[in-house]
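The structure under discussion appears below in the form of structure tokens.
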Amino acid sequence: MKIAINTGGGDAPGLNAAIRSATLSAIRRGWEVVGIRNGYGSLYSDTPFIPLTRERVRGITMLGGTFLGTANRGNPFEMPYQKSDGTWDLEDRSDEAISAFREHGVEALVAIGGDGSMRIANKLSKKGIKVVGVPKTIDNDIWGCDVTLGFDTAVTTATEAIDKITTTAESHQRIMVVEVMGRYAGWIALHAGLSASADAILIPEIEFSIDSVVEKISEREAKGENYSIIVVAEGAIEKKGERFVKGKVIGQAEQLGGVADYLAKELSSRTGKESRSLVLGHLQRGGTPSTYDRLISLRF
Ligand code: F6P
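No gaps in the numbering here: position 277 of the sequence shown is 1041 in the numbering used here, and each next residue is one more.
Written out as structure tokens, the structure is:
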């Protein structure tokens, strides 16, 4: 048996641990293991696969990121390409991807990724590749899975950041708005916000109203609590509003961002209090995986 391992989509703490776990358990079964580089990107090159051996995966459990590389534009069914007039379009190169598997005798794929990667894995399986999906995303938004790889570490990072911000908010009697990741799901905001005792938590699942946030801040002021911590997921939407989009690149999901900045300005003008915003961004995706993430990488 020869299997390939791929990491796709945004990186997350625990990816290297998962690559190591899958490699070692396959080798123990007597199988050959190869890795795909840059989220399917290497499938179109002369060296589509790299050998994964015991030596190659030694000592990587604690490392953030993925040593295989990843890509957000690696969907073989929708590959961006530049047309002769300079504009970009998408093309289906899945047959080339399947040929690479067949030519190198790769019988099965371990696809470690988020919702996008699982969709691609599903389509590859329909084209005849045997697939095992390993759910990975800091957002924890994969259907049918309680906790995804990377979520625990990301929440811990966000909680620690909010703890640190809280001391400054209190010292300066400010409103601090912390934007965390979470495109369609508010798990990071909810878990980190609750853990760090935030005063308001805004998540994509429930449209927010600035009036309610202002009311909460006023209640706190009336009790002599003259600072407030607001945690907002990047994908949170105001009532009758839209998602805050920073940019769009063909073949990739929209880049979100800006909701914390918007809220800080609004809250400042409505309450008269000094308000600041902080975007945690990719900090949440890096670093050493937590014990929990290392353990679920083994279980997956
Ligand atoms: O899906 C995980 C995620 O962290 C989202 O929360 C976020 O919107 C996205 O990745 C950002 O991806 P990129 O690094 O491509 O901007």
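Just so it is clear, CB atoms sit at the ideal spot from N, CA and C, and this is done for glycine as well.
{"Asked": "So, at 6 Å on beta carbons, what are the nonlocal neighbours of residue 994 in its own chain, with the 5 sequence-adjacent residues on each side left out?", "Found": "941 and 964"}
{"Asked": "Curious, which full-length alpha helix (DSSP H) runs of at least 4 residues does the stretch 844-895 contain?", "Found": "858-867 and 879-890"}
{"Asked": "Anyone know if the C-beta pair for residue 862 and residue 875 falls short of 9 Å?", "Found": "no"}
{"Asked": "When you compare only the Cα positions, how much space is there between residue 938 and residue 931?", "Found": "10 Å"}
{"Asked": "With respect to the alpha helix (DSSP H) encompassing residue 915, which residues constitute its N-terminal and C-terminal limits?", "Found": "915-936"}
{"Asked": "Would you check if the distance between the CB atom of residue 1031 and the CB atom of residue 977 is smaller than 9 Å?", "Found": "yes"}
{"Asked": "For residue 1035, list the residues DSSP reports as bridge partners.", "Found": "Note: residue 1035 sits in no beta bridge, so no partner."}
{"Asked": "Hey, could you find the ends of the beta strand (DSSP E) residue 766 is sitting in?", "Found": "766-771"}
{"Asked": "On the three-state DSSP scale, how would you describe residue 994?", "Found": "strand"}
{"Asked": "Secondary structure at residue 964, three-state DSSP: helix, strand or coil?", "Found": "strand"}
{"Asked": "Residue 813 bridges to which residues according to DSSP?", "Found": "800"}
{"Asked": "Going by DSSP, what residue range makes up the beta strand (DSSP E) through residue 943?", "Found": "939-944"}
{"Asked": "For the pair the stretch 947-961 and the stretch 919-931, tell me if three or more CB-CB distances fall below 8 Å.", "Found": "yes"}
{"Asked": "Between the stretch 767-786 and the stretch 902-920, can you find at least three pairs of beta-carbon atoms closer than 8 Å?", "Found": "yes"}
{"Asked": "Leaving out five residues on either side along the sequence, give the residues of the same chain with a beta carbon under 7 Å from the beta carbon of residue 902.", "Found": "776, 914, 915, 918, 945, 952, 1048 and 1049"}
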